[in-house]
Amino acid sequence: MIEKEGKFAVHFEQAIAEEPGKGLVIKSVKNNVSGYVAIPEDLANMLKEHIKEKRRHKFNLQNQWYDPNKVFLFSNEIGKPIRPDSISQWWIRFKKRNNLGNIRFHDLRHLSVTFLIHKGLPIKTISDRARHTNIRTTMNLYGHIIVEIDELAAEHFSIFFDQKMQIKKFCPKNLFSLL
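Put into C-alpha cells, the structure is as follows:
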C-alpha cells in the first residue's frame with residue numbers, strides 16, 4: 001500500500017495459487033496486469049492496522065513465523081498464506097449468516113464494475129480498476145449495461161421538449177450558448 005499527498009492505493013503484483021503437487025505458490029497476477037488501484041482512506045487505515053498487527057505477531061513468533069522475509073496480508077496465525085478457497089468458504093458462511101442468497105464471491109467484482117458504470121466513471125478508469133488487459137474486455141462484459149444507462153440518459157432529455165417537439169419555455173436560455 002502506498003500513501004501520497006493524503007491519497008491511498010494498493011499495489012497488486014503477486015497472487016497465491018494452489019498447484020497440484022506443489023501446494024501454495026506465489027505467482028504473478030492474472031494476465032500479468034500488476035498496478036495500483038486507489039482505495040478510500042477508511043480502507044487504507046484498516047489495512048494499515050491489519051498489517052501492523054501481522055508484523056507485531058511476526059515479531060512475537062520470530063523463528064516460528066512461516067517465512068521470515070514475508071508478511072502476507074491474508075495468512076494464518078503463523079504467517080502462512082491462506083488457501084485461495086478459504087475466502088470462498090468464508091463467503092459461504094457469511095452469506096448464510098446474512099441471508100444473501102445465491103451470490104457468488106466473484107459476483108462482488110461484477111457488482112463493483114456495474115456500480116462504477118452507473119456512477120458515470122470513464123470506462124477506461126473502470127477497465128483499469130478491474131485489471132482488464134484492455135478496454136475491449138470491459139466493453140464485451142459490461143457493454144449492455146452501458147447501453148441501458150445511455151437509454152436512461154436519453155429519457156432525461158424529454159424534459160426539454162413538449163409533445164409537439166417544441167423546446168419548452170422553462171428551458172434555460174443560456175443552455176444553447178453552451179453548445
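Residue numbering for the sequence shown follows full-length UniProt numbering, beginning at 1 and increasing consecutively. Where a beta carbon is used, it is the ideal one built from N, C-alpha and C, also for glycine.
Residue environment, residue i, which counts as buried when at least 16 other CB atoms sit within 10 Å
{"i": "K70", "result": "exposed"}
{"i": "L178", "result": "Below a pLDDT of 50, predicted positions are generally treated as unreliable, and L178, at 47, falls in that range; the measurement from the model is reported next regardless. Exposed."}
{"i": "I26", "result": "exposed"}
{"i": "H106", "result": "exposed"}
{"i": "F8", "result": "buried"}
{"i": "T125", "result": "exposed"}
{"i": "H156", "result": "exposed"}
{"i": "H118", "result": "exposed"}
Inter-residue Cα distance where the pair is residue i and residue j
{"i": "E18", "j": "D67", "result": "17 angstroms"}
{"i": "E49", "j": "E13", "result": "21 angstroms"}
{"i": "R104", "j": "F161", "result": "44 angstroms"}
{"i": "R109", "j": "K4", "result": "26 angstroms"}
{"i": "I149", "j": "I159", "result": "17 angstroms"}
{"i": "H11", "j": "I51", "result": "14 angstroms"}
{"i": "T137", "j": "Q62", "result": "45 angstroms"}
{"i": "S28", "j": "N102", "result": "30 angstroms"}
{"i": "W91", "j": "L24", "result": "20 angstroms"}
Continuous beta strand (DSSP E) stretch holding residue i: start and end
{"i": "V37", "result": "35-39"}
{"i": "S86", "result": "Taken as a continuous stretch (DSSP letters only), S86 belongs to no beta strand (DSSP E), being part of the alpha helix (DSSP H) at 84-97."}
{"i": "F115", "result": "Careful: F115 lies outside any beta strand (DSSP E), inside the alpha helix (DSSP H) at 107-118."}
Given residue i as reference, the closest of the options once Cα atoms are compared
{"i": "D128", "options": "F8, G35, K30", "result": "G35"}
{"i": "K80", "options": "W91, Q64, H11", "result": "Q64"}
{"i": "A38", "options": "F160, M1, S28", "result": "M1"}
{"i": "K30", "options": "F157, A130, D150, I159", "result": "A130"}
{"i": "P40", "options": "G6, N134, K54, L121", "result": "G6"}
{"i": "L152", "options": "G120, I135, W91", "result": "G120"}
Unbroken alpha helix (DSSP H) run spanning residue i, endpoints
{"i": "I146", "result": "135-156"}
{"i": "S127", "result": "123-129"}
Touching by the beta-carbon criterion (3+ pairs, under 8 angstroms), the region 93-100 and the region 72-81: no
Three CB pairs or more closer than 8 angstroms across the region 104-121 and the region 140-156: yes
Three CB pairs or more closer than 8 angstroms across the region 56-65 and the region 32-47: no
Touch test, the region 79-94 against the region 11-29, Cβ-Cβ under 8 angstroms, three pairs minimum: yes
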